[in-house]
Every structure is written in structure tokens, then in C-alpha cells.
Amino acid sequence: MSNQGDFNSYIYIPVRSSEEVRKRAKVCHAVLRKLVEKQFALDTDQWKDPAFCHGKGGETQRREISRHLFYQLDSLNVDRETQEEMEEDDFKDPLHVTIASSVHVKRHMITSFIGKIREELNNQYSFHLFFGGNVDLYRSQKHTKYFCAHSVKREQQELYINSLIGRINKILNHFGLTNDYADRICHVSLAYTDISLDFLLQNENLDVNSTFWPNIEKIIKGEYATDEAVTTYDDFYIYVNRICVRVGKKVYVIPFKHFDSEFDYIESNDSGGSSSEK
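Numbering (the numbering used here), first residue to last: 10 to 287.
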């Protein structure tokens, strides 16, 4: 009998909305705007083609661009209706680094599922997780959204995230579930659009069939070299002291151990952030 069930469930590292993260979000939003503007500047006929916009009604006029550019952190959006317009099954939690793809858990499995995760991660220590300073572009699995994001640095992925994903996969397999993100490049998405960027990617000779384009701001830097809004920054980090498991509308927090049992989180400097809300 299949264990596929009733509740959409997500496993993720929460990312606190620190001043540094909000600054990065504004850069991602600015880069995404420039990408959209460049796409439509390449060929004015694209404004007339609703196929290049996934939004409701297919609006493609220049004045409508802002209605299709969103911060992942909803408090930064001027139009507070943006998140409400997302599809019902979209992941609406605050900033996060996804550890496993959405899985469906039956009601009778929830207690044992959460208990198994707590047991497996009982000895997991907290760690600092570093992200690259470049802005990367990702596309959603459904090909309906493009995200500007900062990716976890490769050595950090290998040092911390891959082992964590491996432990989560072990639990999912125990319950007959599958993580479709097993080879995922982990990242924190900070801005997104429902306008397709396929035309721009093709024009830049980038693989339109991919779902990840690193250092995407390089294709606009020549035209906006003096624009402070698209200036990139150094690497930054967050302090990861927990993961969250969202089952339906309920969130379960799985805390990690500290190396010093008396240590509670203190930001080391302005570039740091915690995976917990303080």
C-alpha cells in the first residue's frame, strides 16, 4: 500500500530576515527587473506575445512589469496582494533553504514521521552556512516562475548540506517517500517573477532547458555597470541551528545541538544571520 498521503510536507532551513538578507533581497529584485527589461528591449514584438508571460491575463506592457516582480519576503512587496495570488499549493513560508522536495504524508504517519526526524537529527550540531555573493537564476519545477537567489557555496554544500540531505533521504525512504531534490543546488530565493525569461536566455546563448544559471547578473553588468542597485557583494552566512518540517499548515521545529551547551546565538557581525527568529 502506498504511503503517499493527504498533507503536503516540506523540510527546510529557515532563514531569518536580517538587515543583510534584506539588502541581498533588494539586489536580487533589482537584477531580476533588469533581466526582464532587457528581454523586452531585445524585441518589442515580445510585448504583444502573451506566451512570454505566465501571469493572469498575459499582461506584457512595460508598466505592468512591476506587477510581475515580487520579493520572496512579502513585507518588502509594495503590493501586498502578491503572495495571495500564488497557487494554492505553492510554498508560502518565509525565507528558507529547501532540503527536500514536497512529499505527501498521510495523517496517521505524521507523529512517527516527525519523531523519526527528531531521532535521526538528535546529535546534529549547529553550523555556519555560507552563500556566494553572486546572484544566480533558478526556474521552478513547473516552469512558471524564475527566481533570483544566492546559492550555498559548493564546499559548504559538501561539508554540511549533503550529509543532512542524506540523513533526511534515509527517513523518507523508511516511509516510502522520495526526495526529488536529491541532487539539488541549495539556495535561498529572494525575488521572483512569473514572466518567462526564455527569450533572453536564448539570446544570451544559455541553455534554456536548464533550471539553473549561475552568476546571471553578468549578462546585464555591461549596461548597468554604474547602477548601485545591481552591485554584488561578498559572500555572507547564516547560523543554522534548526530545520523545520511543515506538514499541511503546521510547522514542527527540529533544533540542533550547540558545541557549547551554554551558548545561545549571537550575531558575529553585520553579515551574519540566524536560521531562527529571535
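In this text, a Cβ means the ideal position worked out from N, Cα and C, and glycines have one as well.
For clarity, every value in this text was computed on a predicted model and none was experimentally measured.
For residue i and residue j, I'd like the C-alpha separation in whole angstroms.
{"i": "arginine 163", "j": "phenylalanine 208", "result": "29 Å"}
{"i": "leucine 51", "j": "asparagine 143", "result": "24 Å"}
{"i": "tyrosine 155", "j": "valine 45", "result": "10 Å"}
{"i": "serine 205", "j": "phenylalanine 268", "result": "45 Å"}
{"i": "tyrosine 134", "j": "glycine 175", "result": "15 Å"}
{"i": "proline 223", "j": "aspartate 145", "result": "4 Å"}
{"i": "leucine 82", "j": "arginine 31", "result": "8 Å"}
{"i": "phenylalanine 184", "j": "tyrosine 248", "result": "30 Å"}
{"i": "histidine 117", "j": "lysine 259", "result": "15 Å"}
{"i": "asparagine 7", "j": "valine 197", "result": "Residue coverage of the chain in this structure runs from 10 to 287, which leaves residue 7 outside it and unanswerable."}
{"i": "leucine 85", "j": "aspartate 216", "result": "31 Å"}
{"i": "asparagine 132", "j": "leucine 173", "result": "12 Å"}
{"i": "serine 110", "j": "tyrosine 80", "result": "22 Å"}
{"i": "glutamate 167", "j": "phenylalanine 136", "result": "13 Å"}
{"i": "leucine 130", "j": "serine 27", "result": "26 Å"}
{"i": "aspartate 2", "j": "serine 149", "result": "There is simply no residue 2 to check, as the chain begins at 10 and stops at 287 in what is shown."}
{"i": "phenylalanine 16", "j": "valine 254", "result": "12 Å"}
{"i": "asparagine 278", "j": "aspartate 192", "result": "Annotation note: pLDDT 34 at asparagine 278 (below 50); position unreliable, coordinate value reported separately. Cα to Cα, asparagine 278 sits roughly 32 Å from aspartate 192."}
{"i": "phenylalanine 49", "j": "histidine 152", "result": "19 Å"}
{"i": "valine 161", "j": "asparagine 182", "result": "25 Å"}
{"i": "phenylalanine 265", "j": "lysine 47", "result": "44 Å"}
{"i": "lysine 35", "j": "asparagine 218", "result": "27 Å"}
By Cβ distance below 7 Å, which residues in the same chain neighbour residue i in space, the five residues on each side in sequence not counted?
{"i": "glutamine 165", "result": "Leu138 and Phe139"}
{"i": "isoleucine 22", "result": "His105, Val106, Ile108, Val249, Ile252 and Ser284"}
{"i": "aspartate 243", "result": "Gly142"}
{"i": "glutamate 213", "result": "Ile228"}
{"i": "phenylalanine 122", "result": "Val114 and Phe184"}
{"i": "glutamate 73", "result": "none"}
How would you write the range of the beta strand (DSSP E) that residue i sits in, first residue to last?
{"i": "valine 256", "result": "251-256"}
{"i": "histidine 137", "result": "136-140"}
{"i": "histidine 159", "result": "155-160"}
{"i": "aspartate 8", "result": "The displayed coordinates of the chain run from 10 to 287. Any statement about residue 8 would go beyond what the structure contains."}
{"i": "isoleucine 108", "result": "105-114"}
Can you name the start and end residues of the alpha helix (DSSP H) that residue i belongs to?
{"i": "cysteine 37", "result": "28-51"}
{"i": "phenylalanine 208", "result": "207-212"}
{"i": "threonine 120", "result": "119-129"}
{"i": "isoleucine 204", "result": "Run containing isoleucine 204: none; DSSP gives neither H nor E here."}
{"i": "arginine 176", "result": "171-183"}
Kindly indicate which three-state DSSP category residue i falls into: helix, strand or coil?
{"i": "lysine 259", "result": "strand"}
{"i": "lysine 230", "result": "coil"}
{"i": "aspartate 83", "result": "helix"}
{"i": "histidine 267", "result": "coil"}
{"i": "valine 24", "result": "coil"}
{"i": "histidine 152", "result": "coil"}
{"i": "isoleucine 247", "result": "strand"}
{"i": "methionine 95", "result": "Confidence is the limiting factor: at methionine 95 the pLDDT is only 47, short of 50, which leaves the residue's position unreliable, though a coordinate-based value still follows. Looking at methionine 95 - three-state DSSP - the assignment turns out to be coil, as it is neither helix nor strand."}
{"i": "serine 198", "result": "strand"}
{"i": "leucine 215", "result": "coil"}
{"i": "glutamate 68", "result": "With a pLDDT of 47 at glutamate 68, under the threshold of 50, the modelled position of this residue cannot be trusted, and the question is left open."}
{"i": "leucine 186", "result": "coil"}
Residues in the same chain with beta-carbon distance under 6 Å from residue i, minus the five sequence neighbours each way, listed in chain order, please.
{"i": "serine 18", "result": "Val112, Val114 and Val256"}
{"i": "arginine 42", "result": "Leu78"}
{"i": "leucine 186", "result": "Val112"}
{"i": "cysteine 37", "result": "Val144, Cys157, Leu199 and Ala200"}
{"i": "glutamate 94", "result": "With a pLDDT of only 48 at glutamate 94, under 50, the local geometry of the prediction cannot be trusted, and the value read off the model is given with reservation. There are no such residues."}
{"i": "isoleucine 119", "result": "Val256"}
{"i": "tyrosine 261", "result": "Ile123 and Val254"}
Is the beta carbon of residue j closer than 8 Å to that of residue i?
{"i": "lysine 125", "j": "isoleucine 180", "result": "yes"}
{"i": "isoleucine 20", "j": "isoleucine 177", "result": "yes"}
{"i": "arginine 33", "j": "leucine 210", "result": "no"}
{"i": "tyrosine 147", "j": "threonine 202", "result": "no"}
{"i": "glutamate 226", "j": "valine 40", "result": "yes"}
{"i": "arginine 76", "j": "isoleucine 263", "result": "no"}
Under 8 Å between C-beta atoms, does residue i make it to chain B?
{"i": "isoleucine 204", "result": "The structure shown contains no chain B, having only a single protein chain."}
Give me, in chain order, the residues of the same chain whose beta-carbon lies closer than 8 Å to that of residue i; leave out the 5 immediate sequence neighbours on both sides.
{"i": "histidine 159", "result": "Arg33, Cys37, Phe140, Gly141, Gly142, Asn143, Val144, Asp145, His196, Val197, Leu199 and Phe245"}
{"i": "tyrosine 169", "result": "Phe136, Leu138 and Val249"}
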